[in-house]
Every structure is written in structure tokens, then in C-alpha cells.
Amino acid sequence: MIAIIDYGSGNLKSIRNGFQKADADVVVTREKSLLEKADALVLPGVGAFGTAMEHLRKYENIIHQHIRDDKPFLGVCLGLQVLFSESEESPGVKGLDVFPGKVLRFPEELRNENLKIPHMGWNNLNIRQESPLLKGITDDYMYFVHSYYVQPDDEDVVLATVDYGLEVPAVVGYDNTFATQFHPEKSGDAGLEILKNFLEKVI
């Protein structure tokens, strides 16, 4: 069973529908007992880093134990950013620190290059290294909506990037823990393929 964490900060219906299209056994829940038993956890998210972390504190130990047990985990959009140590969006708020590093705001100078903030729309991936999550994915276009990007301390966790005035991580991961800055559930057939690849880690 895949459990989507309902912590009050995510587009739960769309990510659930995405996994249902991939024929997954998926539930949306805030029940700790279900989350602890889940074969895989999915952490979606939209909104502000600080607000998300305030709501996530009650699930922090469950998330860390799940990852320590090397069970499949997927963060999406803000669900990627909260896996990092801290964010410029919410100074002083500690993230989950699964991936040591910072979350930075896109520089205002991008506007001089006619690039809008937030980065919103379709952009193609640059695959940096092979990963089971990205099986069958090359330079496919994915759907992004974000004003902040992650800067990991360890570049080896970057699996794919996207160019938006600067090259920023689009997919990070190690072992069975993965996260995407884009929305796979809104990224057409290529995004569905990523969800299916994640599902293969669960079966």
C-alpha cells in the first residue's frame, strides 16, 4: 500500500489520481498507524515551507523511520523542498534534513532575461545519472510550478536538472528515497511513467 501523507499542504486529489492511473493501491491519510504500516510514503505539497513544516512535525519521526528502513519514499514539489535542511522562504525553520542543503529563491535577475518567477510551465529534464525512478525517461518535458529551488550539499544526490536561467535540481534521490521538483501527476505520459517506476520499487 502507498500512503499519501495528508498534512494539510498538498494537492492530494491529483497525486492520488496519478497513482490510481498507474494501478497503485493508494490511500490518502493522516492516520499515523496507517503511515507506519505503509509500504511506501508520498509527500506532496504546495504553499510555504514554514507552514508545511509546522504541519509536518507530528509526522517527522514516522518519515525518518520509514527512510531509515529503506522503504520507498517520494516527495513532490514542496514535498521535495521540506526534505532539505532550511529555506530562505522561512528563515529559522528547520526542514526534515533528509538531504543536507538549502532551499533558495530564484534570483530577481532572471526577470531581466524575460524569465518569470514563479517558474511555471513545461520544461525538459537533463538526466544527470541513471536511476530506477527515471527508467525510460530522457529529455522529457515535465510541469513545474515553483519560486524556490534546492541546493544540496552533496551534488551526487542530483539525478536530473532543469534549466531556468540557471541549472537547478529537478529530481534528487538516493537508495529508495526520491523527490521531484515538478509535478509528475500533471506531466502527462512521462510523469505517469515516473509514478509507475516508483510503484515498481514498492511491488
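By my numbering, the letter at position 136 of the sequence shown is numbered 144, and the numbering carries on one by one without gaps.
Beta carbons are placed, not taken as given, at the ideal position from N, Cα and C, and that holds for glycine.
Computed from a prediction, not measured in an experiment: that's the story for all the values here.
task = Could you tell me the boundaries of the beta strand (DSSP E) in which Asn25 lies?
result = Run containing Asn25: none in the beta strand (DSSP E); it sits in the alpha helix (DSSP H), 20-29.
request  = Kindly provide the ranges of any alpha helix (DSSP H) runs that are 4 or more residues long and lie completely inside the stretch 107-166, ordered along the chain.
outcome  = none
request  = To the nearest angstrom, report how far apart Met150 and Thr188 are at their CA atoms.
outcome  = 10 Å
ask   = Per DSSP, Ser95 is paired with what?
value = Val111
ask   = With respect to the alpha helix (DSSP H) encompassing Leu203, which residues constitute its N-terminal and C-terminal limits?
value = 196-210
query = Is the Cβ-Cβ distance between Tyr98 and Gly58 less than 7 Å?
reply = Note on identity: in this sequence residue 98 is Ser, with Tyr being the wrong assignment. Result yes, Cβ atoms of Ser98 and Gly58 sit closer than 7 Å.
request  = Could you pull out every residue in the same chain whose Cβ sits closer than 8 Å to the Cβ of Gly144, ignoring the five residues on either side in sequence?
outcome  = Glu201, Asn205
inquiry  = Measuring CB atoms only, is the stretch 171-179 touching the stretch 63-75, in the sense that at least three cross pairs come out at less than 8 Å?
reply    = no
ask   = If you draw a straight line from the alpha carbon of Asp183 to that of Arg38, how long is it in whole angstroms?
value = 25 Å
task = Kindly confirm or deny that the stretch 92-108 and the stretch 119-130 touch, where touching means at least three C-beta pairs closer than 8 Å.
result = no
message = Strictly by DSSP, which residues pair up with Gly58?
response = According to DSSP, which records beta bridges pairwise, Gly58 is partnered with nothing at all.
Touching by the beta-carbon criterion (3+ pairs, under 8 Å), the stretch 193-200 and the stretch 26-45 = yes
message = For Asp105 and Arg119, what's the separation of their Cα atoms in angstroms?
response = 31 Å
key: 6 Å CB neighbourhood of Leu51 in its chain, flanking five on each side removed   = Ile13, Gly83, Gly87
query = Skipping 5 residues on each side, what residues in its chain have a beta carbon closer than 8 Å to that of Ile135?
reply = Leu142, Ile145, Thr146, Asp147, Leu167, Ala168
query = Given that a residue counts as buried once 16 or more other Cβ atoms are within 10 Å of its Cβ, and exposed if not, what is Met61?
reply = buried
ask   = Just reading off the beta strand (DSSP E) that Glu44 is part of, what are its end residues?
value = Here Glu44 belongs to no beta strand (DSSP E); instead the alpha helix (DSSP H) covers 40-45.
message = Can you tell me which residues form a DSSP beta bridge with Phe186?
response = Leu82, Gly181
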